[in-house]
Amino acid sequence: MSGEVILNVENLNKAFGGLQATDNVSYEMMTGELSAIIGPNGAGKSTFFNLITGYHAVDSGKVFFKDRDITNWPPHKITRLGIARAFQVSNIYPRLTTYENVRQATLAQQRRTLNFFTPANRLAKKETMQLLEITGLSQQANMISGNLSQGDKKRLELAIALGSKPELVFLDEPTAGMSGEETHETMELVKRLNREIGLTILFTEHDMSVVFGYARRLTVLHQGAVIAEGTPEEVRDNEEAQRVYLGEEA
Amino acid sequence: MEILTKRYWWLGLVFIGALVLPLVVGEFWVHVAIEILILGLFAVSFNMIFGNMGQLSFGHAAYYGVGAYATGLLMVRASVPLPICLAASMVAAGICALILGYFCVRLTGIYFAILTLAFGQLLYYIIFQWYSFTRGDDGLQGIIPPGALFSATYYYYFTLFIVTGALIAMWYVNESPFGYTMRAIRENADRTRFIGINVRRYMLINFVVAGMFAGLAGGLWGPFNRSIAPDLCNWHQSGIPVFMTVIGGPLGFFGPMIGSIIYTFLMAFVTGFTEYWPLTIGLVIMFVVLFLPGGVLGLVEQKMKVFRSRDLETRGDRSAETGSS
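Protein sequences, first through last, are from chains Z and P.
Under this note's numbering, the residues of the first sequence are numbered -15 to 234, in order.
Under this note's numbering, the residues of the second sequence are numbered -18 to 306, in order.
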């Protein structure tokens, strides 16, 4: 499996009014990668995810998933093909329980959402519990998800994304709002998902220690354009990357 | 399952009560009870769109009216047996909901409400103007239920049987993966797209199912009332399930049915001695909106929750406090 191109983005452009949010970005990912996109606020990280996953229509450029042109496909089709995402601002079902949140993703993945006659609480039990367990949410299963802590909401985000059984997953700041301990746990989980089940993962992150500790390849975005790319060491040594971003941190 | 039987034991009592009702009350109240059942079914079908999908349909009477006319026309013009008429009502209302819903589900919020209202009025004017087919403003008279159903008591049992069956079916839909998918769309349509669900298509399917049950309710109305008129499609009629749902509470399955009991009973009672029915219902709605935002059922559930969490606290079992429904 490893070594095949899973995602190929060619010359992607998107402008909002006069703002070039994505500026001629080309990007390639191999199966099994664990990579990160970094860049200052407003660099176009979320827009990049939104363009690939069909949330925004692209102005120009192409997106290929496993050699299939998915440019401007609607989100639900892209998800079914095997791309899932967890959002930066937790995007859950706040009045449903944690369990129901994850079950919904699982039911959709199992193509059971057009079932009108079997009570939902008899379906997808095992898969849902499993997802709650690996994301550490078993204790909170019956809580109304809107009442979860910020960190738990982000973990639920991840659980919902995994419920789609994706091959490629985008995590938009997966540890935002988490304590140091929680951040470590979550990133260890991300690493395990990548190593053990071969999930290809692309994440964005503000915390540089997280980025350098976990990503094997980094891409630096600035004002919508890619300005540096490479291993963490290469990016650390890249002058332009230092100037726009890392300089602030170092 | 155990929880289900524990939680809904009272439904059995209600059903037994409904069965013995005609034996203990006079014919007038049997008529009221039939009305409660038919309008309650109409309101529960409305709530599939309002409560579950989170969109306000202000033209739900369109499907009720189409259902009423399907049964009415088939009975009067072709003497088709009632059960077949009712099935035809569901199909006709479903087809209308499919065509009109196709446009409505493209919008949400106030735009959805306005478009459903506009389509409802459109159907009203078609029925009103198409004299040769619908007899327009004259309405259809002489929709006489067959055989034994002529008596109010038997028509009541017939309606009770059909409405109970429809409620059970809708209950299953409500608890099914499809029902939960509608709730997911209500809570967060965007997220639902990103778990692989074609939100518009699901909204349309839900719109059609809700329209079919409204059509069934409309079909039951004609033989009960012996006549129908274009007013059944009018926006006044669309307001009835909205009122009932607000009174009963939109977030529980039985809310609109409870609303129907209160609304219809009150109307029968109040119009007995005053013509100021609209004023009365206006005051009731005002009271509910101001003091019972979750409707009557919302109040009951709130009280139950306090009671339950107290019960759990004493056992020190906090984790199950919000126990799954």
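Note that CB positions come from ideal geometry on N, CA and C, so glycine has one too.
Taking residue i as the reference, which of the options has the closest Cα?
i	options	result
THR115 of chain P	P:GLY46, P:GLY75 and P:GLY82	P:GLY46
SER74 of chain Z	Z:HIS206, Z:VAL204 and Z:SER129	Z:SER129
TYR244 of chain P	P:GLY233, P:PHE234, P:GLY229 and P:PHE235	P:GLY229
PHE187 of chain Z	Z:MET162, Z:ARG220, Z:LEU155 and Z:ARG200	Z:LEU155
ALA236 of chain Z	Z:ALA225, Z:GLU218, Z:ASP221 and Z:GLY208	A query on residue 236 of chain Z cannot be resolved here, the shown segment of chain Z reaching from -15 to 234 and no further.
HIS41 of chain P	P:ALA24, P:GLY275, P:PHE109 and P:ALA69	P:ALA24
ALA14 of chain P	P:GLU282, P:LEU280, P:LYS284 and P:PHE250	P:PHE250
ALA145 of chain Z	Z:ALA225, Z:ASN131 and Z:ILE118	Z:ILE118
ALA70 of chain Z	Z:PRO216, Z:THR55, Z:HIS190 and Z:THR159	Z:THR159
ARG172 of chain P	Z:ALA143, Z:PHE196 and Z:GLN123	Z:ALA143
GLU84 of chain Z	Z:GLY23, Z:ALA108, Z:GLU(-12) and Z:ASP51	Z:ALA108
TYR50 of chain P	P:GLN36, P:SER38, P:CYS66 and P:PHE39	P:CYS66
THR90 of chain Z	Z:GLN72, Z:PHE101 and Z:ALA68	Z:ALA68
GLY7 of chain P	P:GLY177, P:ALA133 and P:TRP258	P:ALA133
LEU140 of chain Z	Z:MET113, Z:ILE21, Z:GLU151 and Z:GLU165	Z:MET113
MET192 of chain Z	Z:ILE21, Z:MET14, Z:GLU(-6) and Z:GLU12	Z:ILE21
LEU18 of chain P	P:ALA78, P:TRP(-10) and P:THR140	P:THR140
LEU197 of chain P	P:ASN169, P:GLU168 and P:ALA147	P:ALA147
Go ahead and label residue i buried or exposed: buried means 16 or more other beta carbons lie within 10 angstroms of its beta carbon, across all protein chains shown.
i	result
VAL86 of chain Z	buried
PHE9 of chain P	exposed
LYS110 of chain Z	exposed
VAL190 of chain P	buried
VAL270 of chain P	exposed
TYR112 of chain P	exposed
PHE272 of chain P	exposed
VAL228 of chain Z	buried
MET34 of chain P	buried
SER163 of chain Z	exposed
TYR136 of chain P	buried
ARG299 of chain P	For ARG299 of chain P, the predicted structure reports a pLDDT of 40, less than 50, and the residue's modelled location is therefore unreliable. The matter cannot be settled from this model.
PHE142 of chain P	exposed
PHE93 of chain P	buried
SER30 of chain Z	buried
TYR257 of chain P	exposed
MET184 of chain P	buried
LEU(-9) of chain Z	buried
ARG87 of chain P	exposed
TRP(-10) of chain P	exposed
ASP136 of chain Z	buried
ILE62 of chain Z	buried
Can a CB atom of chain P be found closer than 8 Å to the CB of residue i?
i	result
PHE187 of chain Z	no
PRO59 of chain Z	yes
GLU84 of chain Z	yes
ILE144 of chain Z	yes
ALA89 of chain Z	yes
ARG139 of chain Z	no
ARG69 of chain Z	yes
ALA234 of chain Z	Below a pLDDT of 50, predicted positions are generally treated as unreliable, and ALA234 of chain Z, at 39, falls in that range; the measurement from the model is reported next regardless. So, not an interface residue.
From the beta carbon of residue i, is the nearest beta carbon of chain Z less than 8 Å away?
i	result
ASN206 of chain P	no
PRO231 of chain P	no
Which residues in chain P have a C-beta closer than 7 Å to the C-beta of residue i? List them in chain order.
i	result
HIS40 of chain Z	Correct list: empty, because the minimum Cβ distance to chain P is about 12 Å.
THR63 of chain Z	PHE175, ILE176 and GLY177
ALA160 of chain Z	Under the 7 Å cutoff, chain P gives no residues; its nearest Cβ is about 17 Å from ALA160 of chain Z.
LEU80 of chain Z	ARG164 and GLU168
GLY92 of chain Z	Per the sequence shown, the amino acid found at residue 92 of chain Z is Ala instead of Gly. Within 7 Å Cβ-Cβ: ILE176, GLY177 and ILE178.
Output, in chain order, the set of chain P residues within a Cβ distance shorter than 9 Å of residue i.
i	result
SER148 of chain Z	PHE175, ILE176 and GLY177
Run down chain P in chain order and give the residues with a C-beta less than 8 Å from the C-beta of residue i.
i	result
THR37 of chain Z	PHE175
TYR77 of chain Z	ARG164, ALA165, GLU168, ASN169 and ARG172
Can you list, in chain order, the residues of the region 94 to 121 of chain Z whose Cβ is nearer than 8 Å to any Cβ on chain P? ARG96, THR97, LEU98, ASN99, PHE100, PHE101, THR102, PRO103, ALA104, ASN105 and LEU107
Residues from the region 145 to 179 of chain P in contact with chain Z, defined by Cβ distance under 9 Å: ALA150, TYR153, VAL154, GLU156, SER157, PRO158, PHE159, GLY160, TYR161, THR162, ARG164, ALA165, ARG167, GLU168, ASN169, ASP171, ARG172, THR173, ARG174, PHE175, ILE176, GLY177, ILE178 and ASN179
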